[in-house]
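Enquirer: Numbering (my numbering), first residue to last: 24 to 782. A virtual CB, placed ideally from N, CA and C, is assigned to each residue, including glycine. The structure's right below; bear with me while I get my questions together.
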Amino acid sequence: MQIGLKIREGWSTLGLLTLMLLIVAWSINSAEWAEGLAILQWVVLVSLTIGLILAKSRLPGFVAHPLSLISGTAWVTFLIGTFLPSTLSWTEKLLNLADRLTTWLLTALGEESSSDSLIFVLTLAALFWLFSYLCAWFTFRSHRIWGVILLSGITMLTNLYYGPSHLVIYLIGYLLCALLLIVRSNVFAQEKEWQKARIGYQPDIGFDFLRYGAILSVIIVLFAWLVPTAAASPQFSLILDHFEEPWQEMQEHWRRLFASLHYQGQVNVNSFGKTMTLSGPVSLGTTPIMNVRARKGYYWRAVVYDKYTGSGWVNTDDETLSLDANSSSLPLPQFELRREVTQTVRPLQPGTNLLFAASQPIRVNLPARIELSYVPSSVAASQDSSSPAANISIMYSRSRFKKNQAYTVISSVTWADVESLRTAGTDHPTWVTTRYLQLPPTLPNRVRALAEDITQDHDNPFDKVTALEGYLRTIRYNELISAPPRGRDGVDYFLFDSRQGYCDYYASALAVMARAVGIPARLVSGYTQGEYQSISDVYLVRELNAHTWAEIYFPHYGWVEFEPTASQPLITRPEPESSEDLATDDFEASRQRREREEKEVDAEIAPETTGIPIIGTGPWSMVLWGGALVLLLIAGVMVSWYLWTREPRSSSPVECIYERMARYAQLIGIGWSAHQTPYEYAAALVEALPQGRAPIVQITDFYVKERFSSEGTDEGEIEEAKEAWHALRPTLWQQMIRQRLLRPRRLLSPFPHTSKSSS
């Protein structure tokens, strides 16, 4: 195998590519998704080396690529093996990895979650080897620089989107390297054309382009920083709508298969999906999510989970239904001691479509897509319909929300008092016990034993659940916990080992232990009420209000919320004497209040803005954007003009003048060919520009004397050449403008060969 030691693309190309890919690796390691990601930099360096060697060899792709896969497998396996106990032999390490991979693959095919972070590191290392090798191949063999930018850019942006905010510094470095790599690659392509046409150029011309490319790259990056997010564009949102559902599904599978990761990225309200994993640490910020106008604060529900897997929860609803705005045709469960409430929700995050509502949603004032299960018609006791009642678990708007768009939801919330719940009994319908008492066979017996021990002194479901709730609230609240070890039940680990966690763990423990003592329970995720804003009369819900709680089923009263999380206040139940009055609230007054609140939707206050202000809103937006564009254009024109008019790197002023004449002539379609002598080229120019005959001939005479005469040109002749150029330049400009306006033509070759010849 022969390898070219000289890199024709330039060492600067290799340096920029290496730095760019290392920045991507460093950004992922800095995001701290899992321990051990520092090995990615060594994966990049070795993969680039192998990729460079194979790209510079004469091996065809169908031979080089398998060699890369073999070497990559060996190198990644070696690096991953260093994380395993040093007491194991390499044979034992390989068997351990094989066992972990098999377990992970079986998990991927099922519904359970995986908390083995080593598999995540292994997967990422393998992907980095592949994409680093492809970047080297695209750069040094096929010379497809945009393949490099696409692969690395997608990786960088994905990590930035889901990672912490401090990663932005890596994006700046990446963009500068990427832009310079594009400049260098285009210079290399141009150099090949010049060499093919036997056109002379200075060897260090690439560094000139890199220097000025760096200036322009900084300008572009700074300008891009001011551009508002594309997700706020309605047109862009329409495009995203087509990818929303598959993207959400992929995110859910990712969270399920890599449950131990430290998820701390940008808030995304659509991240509430059909699976919820008991995973590792979380970091929630203060980003505003939505404003809600309602008579009081409630839990704003996003999704309901019914199946516990041991490592998380799954929503098993498989029915999907589309509803028109304000549709009331769907039979819904009817329970006692409930009241209707109206909420007007204004999302503050662009491009979302998940609908939030208190407790049991009844209808929404926009077209919606709901996921549900059907329960027996007997649940809809007050309805005449014989159709099954709909048990709604998730609601989506059929289109993404536009800026400042709000929606109104009517919900049915419980107003059952403590005494009513205490005497509700245990006559649970079959559809409830079949689905909401489910527990995995792998649940450790000590979880059941603990639940029975806590509730043994109580004789009714309400007091039993209250006792479980009180016990769980004694456990320490902590968001920076590690994920449960591989193969461990999440609730068992929370109750007996870690003894600390956040809302997902508290709510899961309550639901699981309630089921363990025969009480139907389910898990719900969404947001707490948020912070009440007295001036605007809305509840401001932020990212840090994301929450998970448990709901318990009581005969006649339906699903009732409980709060086991130690960091949240207990739920206050209404007094018995007020229950009947509030449950039988005057229907006409309720209807009038609801209509009045629905009319107020369009009068809602504008969403509060946070963070760094961005240009694009307000009466001066057009002026500011216009000014920014003008400044960018001026900067671009200045850089381009300087590159065009600067003195060429020649040995004398006369050669500079001749090369400048050739450059201008190129713009009017008079290119120089390698077989032409200077006088033949001058004749072609005179034929196209007869009015410039005298200065063209004069400049050519001085150029020939400078190039081929041992005497060269003196100071007087140099001044004459400059005067001839000043006389010729207006003629060239006039011809160029005339051709550009009336008869555009394709440009020919660039300026002629200028290397010094011996006389």
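Using a Cβ-Cβ cutoff of less than 7 Å, which residues in the same chain neighbour A413 once the five nearest sequence positions on both sides are dropped?
Expert: The answer, listed in chain order, is L353, P354, L355, L395 and Y397.
Enquirer: Quick check for students: name the residue ranges of the beta strand (DSSP E) that lie wholly in the stretch 352–420, counting only runs of 3 or more.
Expert: Complete beta strand (DSSP E) runs here, min 3: 361–370, 383–387, 391–398 and 412–420.
Enquirer: How far does the beta strand (DSSP E) with N314 in it extend, from its first residue to its last?
Expert: Its beta strand (DSSP E) spans residues P311 to R316.
Enquirer: Got a sec? Which residues, its chain only, sit under 6 Å from P370 by beta carbon, not counting five neighbours each side?
Expert: M313 and F424, listed in sequence order.
Enquirer: Quick check: the Cα distance between L503 and D527, rounded to an integer number of angstroms?
Expert: Cα to Cα, L503 sits roughly 13 Å from D527.
Enquirer: Could you check where the beta strand (DSSP E) with V326 kicks off and where it finishes?
Expert: W323 to Y328 is the span of the beta strand (DSSP E), which, as asked, contains V326.
Enquirer: Report yes if the CB atom of L40 is closer than 8 Å to the CB atom of N52, and no otherwise.
Expert: Not a contact, by the Cβ cut-off of 8 Å.
Enquirer: Count Cβ pairs between the stretch 451–465 and the stretch 427–437 that sit closer than 8 Å; are there 3 or more?
Expert: No, they do not touch.
Enquirer: Determine the extent of the beta strand (DSSP E) in which I575 is found, giving its start and end residues.
Expert: Counting along the chain, the beta strand (DSSP E) containing I575 begins and ends at A569 to F577.
Enquirer: Locate the beta strand (DSSP E) running through G38, then write down its first and last residues.
Expert: That residue, G38, is in no beta strand (DSSP E); its alpha helix (DSSP H) goes W34 to S53.
Enquirer: Any idea which residues DSSP pairs R471 with across the strands?
Expert: Beta-bridge pairing links R471 to no other residue.
Enquirer: Would DSSP call A506 helix, strand or coil?
Expert: A506: coil per DSSP, three-state reduction.
Enquirer: Using CA coordinates, which residue listed in A750, P384 and N388 is at the minimum distance from N349?
Expert: Ranking A750, P384 and N388 by Cα distance to N349 puts N388 first.
Enquirer: Express the C-alpha separation of Y550 and L82 in angstroms, rounding to a whole number.
Expert: If I take the Cα positions, the gap works out to 58 Å.
Enquirer: Whose CA, out of L466, L712, T178 and P390, lies closest to the CA of Y419?
Expert: Looking at the Cα atoms, P390 is the closest of the given residues.
Enquirer: Name the two residues that bound the continuous beta strand (DSSP E) containing S80.
Expert: Note, S80: premise wrong, no beta strand (DSSP E); not H, not E.
Enquirer: Nearest-angstrom Cα distance between G634 and Y184?
Expert: Note that G634 scores a pLDDT of 36, beneath 50, so its modelled location is shaky; the value from the coordinates is reported in the next line. Near 16 Å, if we compare the C-alpha coordinates of Y184 and G634.
Enquirer: Apart from the five residues just before and just after L567, which ones in its own chain have a Cβ nearer than 7 Å to its Cβ?
Expert: Correct list, in chain order: L307, G308 and T309.
Enquirer: Would you check if the stretch 318–331 and the stretch 545–561 touch, i.e. whether three or more CB-CB distances between them fall below 8 Å?
Expert: The stretch 545–561 is in contact with the stretch 318–331.
Enquirer: Would you mind stating whether L360 and A439 have Cβ atoms separated by less than 8 Å?
Expert: Cβ atoms of L360 and A439: closer than 8 Å.
Enquirer: Assuming V66 and S140 make a contact with CB atoms under 8 Å, what is their CB distance in whole Å?
Expert: With 8 Å as the limit, V66 and S140 do not qualify as a contact, their Cβ atoms being about 17 Å apart.
Enquirer: By DSSP's criteria, Q556 is part of a beta bridge. Which residues make up the other side?
Expert: BP columns for Q556 point to V561.
Enquirer: Pick helix, strand or coil for V337, following the three-state DSSP scheme.
Expert: Note: V337 maps to strand in three-state DSSP.
Enquirer: Tell whether a beta-carbon distance below 8 Å holds between V787 and A472.
Expert: Since the first and last residues shown for the chain are 24 and 782, residue 787 lies out of range.
Enquirer: Counting pairs of Cβ atoms below 8 Å between the stretch 361–381 and the stretch 592–600, do you hit three or more?
Expert: No contact exists between the stretch 361–381 and the stretch 592–600.
Enquirer: Report the start-end ranges of each alpha helix (DSSP H) in the stretch 713–738 that is 4 residues or longer and not cut off at the edges.
Expert: Complete alpha helix (DSSP H) runs here, min 4: 716–731.
Enquirer: Please determine if the stretch 713–726 and the stretch 737–755 are in contact, where contact requires at least 3 C-beta pairs separated by less than 8 Å.
Expert: Short answer: they touch.
Enquirer: Tell me, please, which residues DSSP counts as bridged to V432.
Expert: Bridge partners of V432: Q366 and V387.
Enquirer: Between the beta-carbon of I433 and the beta-carbon of I393, is there less than 8 Å?
Expert: Not in contact: I433 and I393 (Cβ atoms no closer than 8 Å).
Enquirer: State the start and end residues of the unbroken beta strand (DSSP E) segment that holds F585.
Expert: Residues G581 to F585.
Enquirer: According to DSSP, what are the bridge partners of M684?
Expert: Answer is none; M684 lacks a bridge partner.
Enquirer: Would you mind sorting P108 into buried or exposed? The rule is 16 or more other CB atoms within 10 Å of its CB.
Expert: P108 is exposed by the Cβ-count criterion.
Enquirer: By Cβ distance, which residues of its chain are closer than 6 Å to S675, with the 5 residues on each side in sequence left out?
Expert: Correct list, in chain order: E729.
Enquirer: Can you check which of these residues, Q523, A750 and A537, is closest to G714 by C-alpha distance?
Expert: Note that residue 714 corresponds to Gln in the displayed sequence, not to Gly. For Q714, the nearest C-alpha among the options comes from A750.
Enquirer: Which class does S306 belong to by DSSP, given the choice of helix, strand or coil?
Expert: Here S306 sits in coil by DSSP.
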